[in-house]
Structure formats: C-alpha cells, structure tokens
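Q: To start, I am sharing the structure in question, which I have written as structure tokens.
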Amino acid sequence: MSRNGLTGGQRKGDEGAGSARSRLGDLRCVWTHLDRRHKSHSCTAGADAGMPVILGEARILTSPQSIVRILEMLFGCVTFSLVVSADSSFLDKGPHWFLCMFSWCFFFVLTGLILLVEFVQFQSLVPLSWKNLPISMAFLGALMTLSASVCFPLFVIKESCFEKSSCGHLVSATIFSCFSFLSYSAEVYMTKVRSEAHSGYMSTTPGFLKVFEVFCSCMIFVSVDTEVLDNLRVYPLFWWSLVVYSCCFLMSVCTIVVMLGECTGRCLVPFDRILAAFSMLCVVMYVTATGFWLWHLVNTQQNISPQSLWRNSLTITIITCLNLLTYTVDLAFSIKLVCYRT
13 MSRNGLTGGQ
23 RKGDEGAGSA
33 RSRLGDLRCV
43 WTHLDRRHKS
53 HSCTAGADAG
63 MPVILGEARI
73 LTSPQSIVRI
83 LEMLFGCVTF
93 SLVVSADSSF
103 LDKGPHWFLC
113 MFSWCFFFVL
123 TGLILLVEFV
133 QFQSLVPLSW
143 KNLPISMAFL
153 GALMTLSASV
163 CFPLFVIKES
173 CFEKSSCGHL
183 VSATIFSCFS
193 FLSYSAEVYM
203 TKVRSEAHSG
213 YMSTTPGFLK
223 VFEVFCSCMI
233 FVSVDTEVLD
243 NLRVYPLFWW
253 SLVVYSCCFL
263 MSVCTIVVML
273 GECTGRCLVP
283 FDRILAAFSM
293 LCVVMYVTAT
303 GFWLWHLVNT
313 QQNISPQSLW
323 RNSLTITIIT
333 CLNLLTYTVD
343 LAFSIKLVCY
353 RT
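Numbering of the sequence shown is given in this note's numbering, commencing with residue 13 and proceeding in unit increments.
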C-alpha cells in the first residue's frame, strides 16, 4: 500500500511538473516554429506555385469571423459616410480629424482585403504570416477605432454644433464608430480563441504589446501639433523626446514586420536577444522623455496657455507614461524568453 501511494504521488508530481513545463514553453514553441518555417519555405514555394488555386465557397462568408468582418466594414463605411455628409463648418479639421478619417477608411479597406484573400484562399500567395497578420490588424483596428470614437466628439466636433442641436449626423457617426470598435474587439477575441493551439507570435501577449506600443506612438505624434511645437521648441529635451518617440516607434514597427514576414531565422543574432536589447533601449529612452514631460507639467502648469496647449501636453504626458509601462512589461517578457531559450 505504501509503495502504491508513493507511486501515485510521484505520478501527480510528474504531471504537475509537465504542466508547468508546458506553460513555460508556450512562447518558446512559437519561436521554434518561426525559426523552422523559413528553412522549409523555399522548398514548399515551388510546390505551391505549381498547385491550382481553389476559389472559396459561399460558406466562408457565413462563418462567424467573416460575419464580424462584414460588420466591421459596414460600420466603418456608415461612419465615414455620415462624417462626409455632415456640415463641415461644425468640424475642426486638424490632426485629430485626420486620425479619425484614417482609422475608419484605412481599416475599412484593409478588412475588405483580408476578407477577399480568405474567400479566394490566396493565403499561400501572400508573402506574410497569415497566423499573425489578421489578428495584428484586428487588434490595431480596435485600438484605432476606439481612439477615433473618443477623439471625434472631444476634439473634432465643435461646441457650436451642440449649441445649435444640428449635429445628428456627427453623433450617429460616433455611435457607429463605437460599434466598429466592438466588432474589431470581437474579431480579436474570436481569432485568439480559435487559433490558441496554433497561434503565432502576434497573438501572444508580447505581440499585443508591440501593437500597443505602435498605437501609443501614433497618438503622441497626433498630439504634437504646431501649437506644441511653437511653445516647446526652445527646450532641447523636447526635441530629444521626439527622437525617442520616433526611434522606439521604428523599432516596434520593424519587429512587427519581421514577425509578419517570419524572418526571425535569417538574423545573424538570435532574434529574442535583439528584442530584449530593443526593449531595454526603449525603456531607458522613455524614462528620459517621461521625465521631461513631467517636469514640463509641474513647472509650467500656471503658465501654459491656451487651454488646448495644456490639454495636448497632458495627453502626451499620460501616453508617454503608459508607453513606458508597456515597454517595461515587454522587457520583462523578452528577458523571460531569453532565459527559456538558454
């Protein structure tokens, strides 16, 4: 009896250890898949080129994910159509207006292209990882449409529109923009659940962090308008902060491009170490930028005018702090991945 009990305990311990090793190795498996796939790509390319392309069936368009994408296109089309048909005198056509229109139009077109490629089953002809591309664009689309839904009523619609009670089209556009955000969020959730067993890097937490870093950088660039430039150009650290935002933005974009192209195995240095170095550099650079903007708000709060300058400065400071936190978490994941691979 004692011998059997000892054996049962050993079995439970082995099962627990195996489960822990399985969870700890999830991210490492993604990297192993990326490293191996590029080696077999040249061998399978010729075979795929000689194979006939099979067009899709109508049932593809009736799948839950396709229905969500059709709703995304519908809500996006209705949103920018309502904005275009509204009275332009009630709109402040500044950087935030451009951000909103870009978000609605760009992701409307991109969603249509993704839906078309999946319908005609051309995924093998697209030189990008189809495990990473749709969920990356869906997550970025959710973030961009969310920002458009917030920025449009706050920064684009003028107060005179609400005073005259003649902004029905613009209020409706805001509501449909919120519906678009919910649709993209639903696609992210559905894609994450459906491909959990065979997920790419961009569907993991570090992949989401990379997309969020790019999104935060875009929001900072939109907030740095001519008014901010005119009032802060005398500070050398202000220009340094712009360099920080640009460099970190490019590093995050390059990482996403490498993942979408599955080019990690072609790097001379292990790409996980490159990611760790990028994250470390971004954290250090963002600490300096965050320090400048906090100093600017604390020491010049009483002298900042007009109100729009104070609002933009506060927005940049908050997003900078948020992105610093994101890069810090990303650094922790990168170090964790390097330790697992070694």
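For each residue, glycine too, the CB sits at the ideal point set by N, CA and C.
Looking at the structure shown, is L103 part of a helix, part of a strand, or coil, going by DSSP?
A: It is a strand residue.
Q: Please list the segments of the alpha helix (DSSP H) lying wholly inside the segment 80-133, counting only runs of 4 or more residues, in order along the chain.
A: Listed in chain order, the complete alpha helix (DSSP H) runs (minimum 4 residues) inside the segment 80-133 are 107-132.
Q: Three or more C-beta pairs closer than 8 angstroms, one from the segment 230-248 and one from the segment 281-293: is that the case here?
A: With a cut-off of 8 angstroms, the segment 281-293 and the segment 230-248 do not count as touching, because too few Cβ pairs lie within range.
Q: Per the DSSP calculation, I169 is bridged to which residue(s)?
A: According to DSSP, which records beta bridges pairwise, I169 is partnered with L103.
Q: Using the three-state DSSP reduction, which class does G212 fall into: helix, strand or coil?
A: G212 falls in the coil class under three-state DSSP.
Q: Going straight from the alpha carbon of L158 to that of F261, what length do you get?
A: Straight-line Cα distance between these residues: approximately 20 angstroms.
Q: In terms of alpha-carbon separation, which member of G153, T203, W252, I187 lies closest to V223?
A: Of the listed residues, the one whose Cα sits closest to V223 is G153.
Q: Flag this pair as yes or no: are the beta carbons of L103 and K170 separated by less than 9 angstroms?
A: In this structure, K170 lies closer than 9 angstroms to L103 by Cβ.
Q: Mind listing, in chain order, the continuous alpha helix (DSSP H) runs of no fewer than 4 residues lying wholly within the segment 215-277?
A: List check, alpha helix (DSSP H) in window: 217-235, 238-244, 248-273.
Q: Could you please give the first and the last residue of the uninterrupted alpha helix (DSSP H) stretch that includes T74?
A: First-last for T74: undefined, no H or E at that position.
Q: Determine whether the beta carbon atoms of V90 and F188 lie at a separation below 9 angstroms.
A: Cβ distance < 9 angstroms, so V90 and F188 count as in contact.
Q: Taking 8 angstroms as the cut-off, does the segment 139-153 touch the segment 93-109 (at least 3 CB pairs, one atom from each stretch)?
A: They do not touch, by the three-pair rule.
Q: Just to check my reading of the structure: S215 and L287 have Cβ atoms closer than 8 angstroms, yes? What is that Cβ distance to the nearest angstrom?
A: Contact flag wrong, Cβ pair sits at about 16 angstroms.
Q: I need the boundaries of the alpha helix (DSSP H) containing N335, first residue and last residue.
A: Element bounds for N335: 319-353.
Q: Quick check on K143: buried or exposed, where buried means 16 or more other Cβ atoms within 10 Å of its Cβ?
A: Result: buried.
Q: With 16 other CB atoms within 10 Å as the buried threshold, where does N243 fall?
A: So N243 ends up on the buried side.
Q: I need the boundaries of the alpha helix (DSSP H) containing C279, first residue and last residue.
A: No alpha helix (DSSP H) contains C279, which DSSP labels as neither H nor E.
Q: Whose C-beta lies closer than 6 angstroms to the C-beta of F119 among residues of the same chain, with five residues either side of it excluded?
A: Result list for F119: G153, in chain order.
Q: What three-state label does DSSP hand N144 in the structure shown?
A: Note: N144 maps to coil in three-state DSSP.
Q: Please confirm whether V270 and C259 have their CB atoms less than 9 angstroms apart.
A: No, the pair does not count as a contact, with Cβ atoms beyond the cut-off.
Q: Pull up the distance between the alpha-carbon of V200 and that of L221, whole angstroms please.
A: Between V200 and L221, the C-alpha separation is close to 14 angstroms.
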